[in-house]
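In the UniProt record's numbering, the protein residues as written are 1 to 237.
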């Protein structure tokens with residue numbers, strides 16, 4: 001049966017397509033939006049079983065990537081992911097997962113920052129610094145059991161260090177307002193770190209500390225032994 005779809009409703013991550021006549025019937029008879037939601041959920045249950053999960057009404061997007069906003073209890077468990085690669089500042093690809101660090105607002109790749117009237121490519125530098133810090137070390141993230149083909153908004157750590165916290169406290173990402181890294185973000189701004197300061201290559205270099213001079217090691221001295229005197233008695237007659 002060919003029907004033209006006029007309305008798509010998202011129910012717990014299931015894209016439910018309503019035929020034209022059914023959609024018009026709902027619009028004509030429903031008293032409010034709640035009954036539509038209930039009717040759509042009934043259709044979803046009939047088509048996909050009785051298990052339902054509530055999902056947020058809106059999902060943010062970063063670029064062209066849709067973020068799967070899974071509740072914490074549905075995120076799965078902590079999983080160690082090897083050979084991670086930073087595709088953007090705050091975005092990691094590893095073992096089939098695309099991971100978006102939560103609590104941070106990283107600069108865009110082409111973003112420019114201005115310090116003392118001078119512009120510099122802080123977005124590109126932030127990605128360079130993030131990659132240098134990550135350097136293919138394994139990351140531990142809260143992820144679903146299997147990659148779902150969608151980006152996951154989550155927290156990750158490298159060893160004992162929170163990846164999002166590292167970005168914010170070093171000034172390579174802005175902290176989300178009222179987020180867990182807000183205080184670290186204020187400190188980074190006050191200290192003019194990362195994107196809040198001048199280009200790293202314009203900062204005065206710290207003079208190298210002089211190397212300590214080691215005292216020469218004395219050569220071992222040979223032991224001096226006393227030679228007993230020879231017999232000096234008078235010669236025999």
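For each residue, glycine too, the CB sits at the ideal point set by N, CA and C.
Item	Value
For residue 158 and residue 218, I'd like the C-alpha separation in whole angstroms.	48 Å
Can you grab the Cα-Cα spacing for the pair residue 221 / residue 215, in whole Å?	17 Å
Kindly give me the distance between the Cβ atoms of residue 168 and residue 185, rounded to whole angstroms, as I take these residues to be in contact under 8 Å.	5 Å
What ranges does the beta strand (DSSP E) occupy inside the segment 97-151, keeping only unbroken runs of at least 3 residues that lie completely in it?	97-101, 113-115, 118-120 and 139-143
Please list the terminal residues of the continuous alpha helix (DSSP H) segment that includes residue 189.	182-190
I need the DSSP call for residue 168, collapsed to helix, strand or coil.	helix
Taking a contact to mean a Cβ-Cβ separation below 9 Å, would you say residue 99 touches residue 81 in this structure?	yes
From this set, 121, 113 and 146, which residue's C-alpha is nearest residue 96's C-alpha?	146
For residue 131, which of 175, 191 and 84 has the nearest alpha-carbon?	84
Could you tell me whether the Cβ atoms of residue 128 and residue 106 are closer together than 9 Å?	no
Identify the continuous beta strand (DSSP E) that holds residue 94 and give its terminal residues.	91-94
Assign residue 215 to one of three DSSP states: helix, strand, or coil.	coil
Are residue 180 and residue 164 touching if we call contact CB-CB under 9 Å?	yes
Within its chain, find whatever has a CB closer than 7 Å to the CB of residue 122; leave out the 5 residues flanking it on each side and keep chain order.	107, 111, 112, 113 and 195
How close, in whole Å, do the beta carbons of residue 89 and residue 172 come, if the pair is a contact with beta carbons under 8 Å?	6 Å
By DSSP, does residue 175 sit in helix, in strand, or in coil?	strand
Could you tell me the distance, in whole angstroms, from the CA atom of residue 197 to the CA atom of residue 115?	6 Å
What's the call for residue 166, buried or exposed, on a 16-neighbour Cβ count within 10 Å?	buried
Rounded to the nearest angstrom, how far is the Cβ of residue 182 from that of residue 175, given a contact under 8 Å?	5 Å
Would you call the CB atoms of residue 134 and residue 170 closer than 9 Å?	no
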